[in-house]
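J.:
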Amino acid sequence: MPLDDHEIMRLVVAGRAELFGELVRRHRPALLRAALSKLRATADAEDAVQETFLAAFRAQQTFNPVYSLRGWLWTILLNVCRRHVRRAPQATSLGEISFNREPFTTTNGLSELLAAERSAALSELLDRMPEVQADALRLRFFGELRFDEIAQAMQCSLNAAKDRVRKGLEQLAFLAHQNSSLCQEGDRT
Amino acid sequence: MNCDRAFDLITSPSEQHDSELQHHLQGCPRCRDLVEMFAPALHLLEEAGPGVAFGPDGEMLYWSSDSLEGNTDAQTRRGASRYDSPEYWQAVEAQQRRRGYQEGLKVAAILSLIAMFSVGLAIIGRDNSTPLAQVAAITTENCLRRDTDGKATAPALAACIACHLDESENSKLTDDANIRVRALVQRCVTCHLELKRPGTEIADLGNATANDDDIWGHSGGPCLRLASGS
Numbered sequence: 002m003p004l005d006d007h008e009i010m011r012l013v014v015a016g017r018a019e020l021f022g023e024l025v026r027r028h029r030p031a032l033l034r035a036a037l038s039k040l041r042a043t044a045d046a047e048d049a050v051q052e053t054f055l056a057a058f059r060a061q062q063t064f065n066p067v068y069s070l071r072g073w074l075w076t077i078l079l080n081v082c083r084r085h086v087r088r089a090p091q092a093t094s095l096g097e098i099s100f101n102r103e104p105f106t107t108t109n110g111l112s113e114l115l116a117a118e119r120s121a122a123l124s125e126l127l128d129r130m131p132e133v134q135a136d137a138l139r140l141r142f143f144g145e146l147r148f149d150e151i152a153q154a155m156q157c158s159l160n161a162a163k164d165r166v167r168k169g170l171e172q173l174a175f176l177a178h179q180n181s182s183l184c185q186e187g188d189r190t
Numbered sequence: 183m184n185c186d187r188a189f190d191l192i193t194s195p196s197e198q199h200d201s202e203l204q205h206h207l208q209g210c211p212r213c214r215d216l217v218e219m220f221a222p223a224l225h226l227l228e229e230a231g232p233g234v235a236f237g238p239d240g241e242m243l244y245w246s247s248d249s250l251e252g253n254t255d256a257q258t259r260r261g262a263s264r265y266d267s268p269e270y271w272q273a274v275e276a277q278q279r280r281r282g283y284q285e286g287l288k289v290a291a292i293l294s295l296i297a298m299f300s301v302g303l304a305i306i307g308r309d310n311s312t313p314l315a316q317v318a319a320i321t322t323e324n325c326l327r328r329d330t331d332g333k334a335t336a337p338a339l340a341a342c343i344a345c346h347l348d349e350s351e352n353s354k355l356t357d358d359a360n361i362r363v364r365a366l367v368q369r370c371v372t373c374h375l376e377l378k379r380p381g382t383e384i385a386d387l388g389n390a391t392a393n394d395d396d397i398w399g400h401s402g403g404p405c406l407r408l409a410s411g412s
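Chains as they are written, first to last, in this note's numbering: chain A, 2 to 190; chain B, 183 to 412.
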């Protein structure tokens, strides 16, 4: 039976540092997805995730098992991403994305292109929202965190975490609607 | 199921289609409205969110949850020994510490430049009637022409700029002299910030007395303020 996160962390703190790799394997994909959505550049996202794990490894002694390890990692990631954003402006916007690929000749290629556009459009909309709401959505939908974990990662109450997700969805729906209206107007003219 | 639990399920990427939730929605108009209102956002997040991530060049990193797992396994399998090894994390930590140290040095250099520049301006601004000779003395006191060990670059440059680009003083010079002052400062900036200037390196400043033209170029000569005799 696989060990849970807390058990692994306990063993890491006890000196079995090699087990930390298992935590990286478990949490890296979700952290990377959210970091990529926030930073928009693959290299920056990978750096941010690596910094997150490094910080967690360094601060292993301070981890409090009362809280969720996932929430702790996400707290670190959000802080690291914020620092990255402050340090450098974001790499791309929807209009600047270039598709550096072979010509699309298959249906698969076309669907990749469309999905890439949708992904970029979503990141664009999230960037236009208040940061706490956008982060709450990233944690809930990209990281699949529970509300108590979101509350822990964002250092707010459970109700505030739910409220941020609710307002974030409202805002995103509004922006999506506004965007599609603009596109339709553009098509007409 | 209460509305609070329904909200949890509505906003859960993996439980949105739960049968219990569907049953609750049939009997709760408030939650139905909520789902209707969130629909465009949920659709967007479902389509473009988890499992689909693209780099800035549009390259696909991961496609679906399944391929994400597969991809990650492959990635971590490739780097399994890397992540499992404490030495890896120690090496990364050392690398980050080095990077932090270098960034700290950069910030310190910039701050000292700003501080010296402010001090220079404050000295000049304190008394508008400061005689040119006095200003020139302040300037040349820190000048690398004298301080040839090459370490006081930023403070010396701040002094050059503070004095030589003082418009109230420069307006007293002839047009020709003014152009020469600006050319001189430009050369200061070029050398002191180690910008590339063909044939001149910072280290060359140590040989200033050997060949002044190497430092001051063809149109200059030493400090124009001193040369003007004021």
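Note that beta-carbon positions come from the ideal geometry of N, C-alpha and C, so glycine has one too.
What you are looking at is a predicted structure, and each value in this text was computed from that prediction instead of being measured.
So, is A:Arg139 buried or exposed, given that buried needs 16 or more other C-beta atoms within 10 angstroms?
T.: Within the first sequence, the letter at position 138 stands for residue 139 of chain A. Under this definition A:Arg139 is a buried residue.
J.: Establish whether the CB of A:Leu159 and some CB of chain B are separated by less than 8 Å.
T.: Position 158 of the first sequence, counting from 1, holds the residue named residue 159 of chain A. Output row for A:Leu159: interface = no.
J.: Check whether the stretch 139-155 of chain A touches the stretch 66-86 of chain A, taking contact to mean three or more Cβ pairs, one atom from each stretch, closer than 8 Å.
T.: Yes: the two stretches touch, three or more of their Cβ pairs being nearer than 8 Å.
J.: If you run the structure through DSSP and keep just helix, strand and coil, what is A:Leu65?
T.: The residue labelled residue 65 of chain A in the question sits at position 64 within the first sequence. According to the sequence provided, residue 65 of chain A is Asn. The question's Leu does not apply to it. In this structure, A:Asn65 counts as coil in the three-state DSSP scheme.
J.: Chain B partners of A:Glu171, CB-CB under 7 Å?
T.: For the purposes of this step, residue 171 of chain A is identified with residue 170 of the first sequence, where counting begins at 1. By Cβ distance, chain B contributes Met219.
J.: Cβ-heavy atom distance between B:Glu228 and the ligand HEM below 7 Å?
T.: Within the structure as shown, the ligand HEM is missing, as the structure has no ligands at all.
J.: What does A:Val166 touch in chain B if you count any residue whose Cβ is under 9 Å from its own?
T.: Here residue 166 of chain A refers to the residue found at position 165 when the first sequence is read from its first residue. Those are Phe189, Thr193, listed as they occur along chain B.
J.: Please say whether A:Ala162 and A:Phe148 have beta carbons closer to each other than 8 Å?
T.: Locating residue 148 of chain A in the first sequence gives position 147, counting from the first residue. Locating residue 162 of chain A in the first sequence gives position 161, counting from the first residue. The answer is yes: Cβ separation under 8 Å.
J.: How is A:Pro131 classed by DSSP in three states: helix, strand or coil?
T.: The residue you call residue 131 of chain A lines up with position 130 of the first sequence. Three-state DSSP puts A:Pro131 in coil, outside helix and strand.
J.: Classify B:Gly282 as helix, strand or coil using the three-state DSSP reduction.
T.: Position 100 of the second sequence, counted from the first residue, corresponds to residue 282 of chain B. The answer is helix: DSSP assigns B:Gly282 an H, G or I state.
J.: Within 8 Å of any Cβ in chain B, is that where the Cβ of A:Ala174 sits?
T.: Here residue 174 of chain A refers to the residue found at position 173 of the first sequence. Output row for A:Ala174: interface = yes.
J.: Using the beta-carbon of each residue, which ones in chain A are nearer than 8 Å to B:Leu227?
T.: On the second sequence, position 45 is the one that residue 227 of chain B refers to. Ordered by position in chain A, the residues that pass the 8 Å Cβ test against B:Leu227 are Leu123, Leu138, Phe142, Leu173.
J.: DSSP state of A:Thr53, grouped into three classes?
T.: Taking the first sequence and counting its residues from 1, the one referred to as residue 53 of chain A is at position 52. DSSP places A:Thr53 in helix when its eight states are reduced to three.
J.: Determine, for A:Ala135, whether the minimum Cβ-Cβ distance to residues of chain B falls below 8 Å.
T.: Reading the first sequence from its first residue, position 134 is the one you call residue 135 of chain A. Chain B, which has no Cβ nearer than 8 Å to the Cβ of A:Ala135, makes this no.
J.: For the pair the stretch 50-59 of chain A and the stretch 149-169 of chain A, tell me if three or more CB-CB distances fall below 8 Å.
T.: These segments do not touch.
J.: For the stretch 62-69 of chain A against the stretch 16-28 of chain A, do three or more pairs of beta-carbon atoms, one drawn from each stretch, fall closer than 8 Å, so that the two count as touching?
T.: With a cut-off of 8 Å, the stretch 16-28 of chain A and the stretch 62-69 of chain A do not count as touching, because too few Cβ pairs lie within range.
J.: Let me confirm a value: B:Gly302 is counted as buried when at least 16 other C-beta atoms fall within 10 Å, else exposed. Which label applies?
T.: By 1-based counting over the second sequence, the position of residue 302 of chain B is 120. Result: buried.
J.: Please state the DSSP three-state secondary structure of A:Gly169.
T.: Counted from its first residue, the first sequence places residue 169 of chain A at position 168. A:Gly169 falls in the helix class under three-state DSSP.
J.: With a threshold of 8 Å between beta carbons, is A:Thr108 in contact with chain B?
T.: By one-based count along the first sequence, residue 108 of chain A stands at place 107. Confidence is the limiting factor: at A:Thr108 the pLDDT is only 47, short of 50, which leaves the residue's position unreliable and the question unanswerable from this model.
J.: Examine chain B for any beta-carbon lying closer than 8 Å to the beta-carbon of A:Asp6, and answer yes or no.
T.: As a position in the first sequence, residue 6 of chain A is number 5, starting the count at 1. It does not: the Cβ of A:Asp6 has no partner Cβ on chain B nearer than 8 Å.
J.: State buried or exposed for A:Thr63, treating a residue as buried only when at least 16 other CB atoms are found within 10 Å of its CB.
T.: One-based indexing of the first sequence puts residue 63 of chain A at position 62. A:Thr63 is exposed by the Cβ-count criterion.
J.: Below 8 Å on the Cβ atoms is my contact criterion, and I expect B:Leu203 with B:Leu216 to pass it. Report the Cβ-Cβ distance as a whole number of Å.
T.: The count along the second sequence starts at 1 and reaches residue 203 of chain B at position 21. The count along the second sequence starts at 1 and reaches residue 216 of chain B at position 34. Contact doesn't hold; Cβ gap of about 12 Å is too wide.
J.: Cβ closer than 8 Å: which chain A residues qualify as neighbours of B:Pro211?
T.: The residue you call residue 211 of chain B lines up with position 29 of the second sequence. Chain A residues near B:Pro211: none, gap ~17 Å exceeds 8 Å.
J.: As a quick exercise: from A:Glu118, A:Ser158, A:Pro30, A:Leu159, pick the residue whose alpha carbon is nearest that of B:Glu229.
T.: As a first step, residue 229 of chain B is located in the second sequence; it is residue number 47 there, counting from the start. Measuring from the Cα of B:Glu229, the nearest candidate turns out to be A:Glu118.
J.: Let me check understanding here. Comparing Cα to Cα, which of A:Ala46, A:Phe58, A:Gln179, A:Glu150 lies closest to A:Phe21?
T.: Indexing the first sequence from 1 puts residue 21 of chain A at position 20. Closest by alpha carbon: A:Phe58.
J.: Are the Cβ atoms of B:Met219 and A:Glu47 separated by less than 8 Å?
T.: The sequence position of residue 219 of chain B within the second sequence is 37, counting from 1. The sequence position of residue 47 of chain A within the first sequence is 46, counting from 1. Their beta carbons are not under 8 Å apart, which means B:Met219 does not touch A:Glu47 by this criterion.
J.: So which of A:Asp6, A:Leu126, A:Ala122 has the shortest CA-CA distance to A:Gln61?
T.: The residue you call residue 61 of chain A lines up with position 60 of the first sequence. The residue with the shortest Cα to Cα distance from A:Gln61 is A:Asp6.
J.: Taking DSSP as the reference, what is the three-state secondary structure of B:Asn184?
T.: Position 2 of the second sequence holds residue 184 of chain B. Correct three-state label for B:Asn184: coil.
J.: Taking only three categories from DSSP, how would you classify B:Ser201?
T.: Numbered from 1 along the second sequence, position 19 holds the residue referred to as residue 201 of chain B. Helix.
J.: DSSP three-state call for A:Ala15: helix, strand or coil?
T.: Taking the first sequence and counting its residues from 1, one reaches residue 15 of chain A at position 14. A:Ala15 falls in the coil class under three-state DSSP.
J.: From A:Asp45, A:Ala152, A:Lys168, A:Leu126, pick the residue whose C-alpha is nearest to that of A:Gln179; which is it?
T.: In the first sequence, counting from the first residue as 1, residue 179 of chain A sits at position 178. Of A:Asp45, A:Ala152, A:Lys168, A:Leu126, the residue nearest in Cα terms is A:Leu126.
J.: Determine the direct distance from the alpha carbon of B:Ala188 to that of B:Asn253, and round the result to whole angstroms.
T.: By one-based count along the second sequence, residue 253 of chain B stands at place 71. By one-based count along the second sequence, residue 188 of chain B stands at place 6. Residue placement at B:Asn253 is poorly supported in this model, since its pLDDT is 44, which falls under 50; the coordinates still yield a value, given next. Between B:Asn253 and B:Ala188, the C-alpha separation is close to 33 Å.
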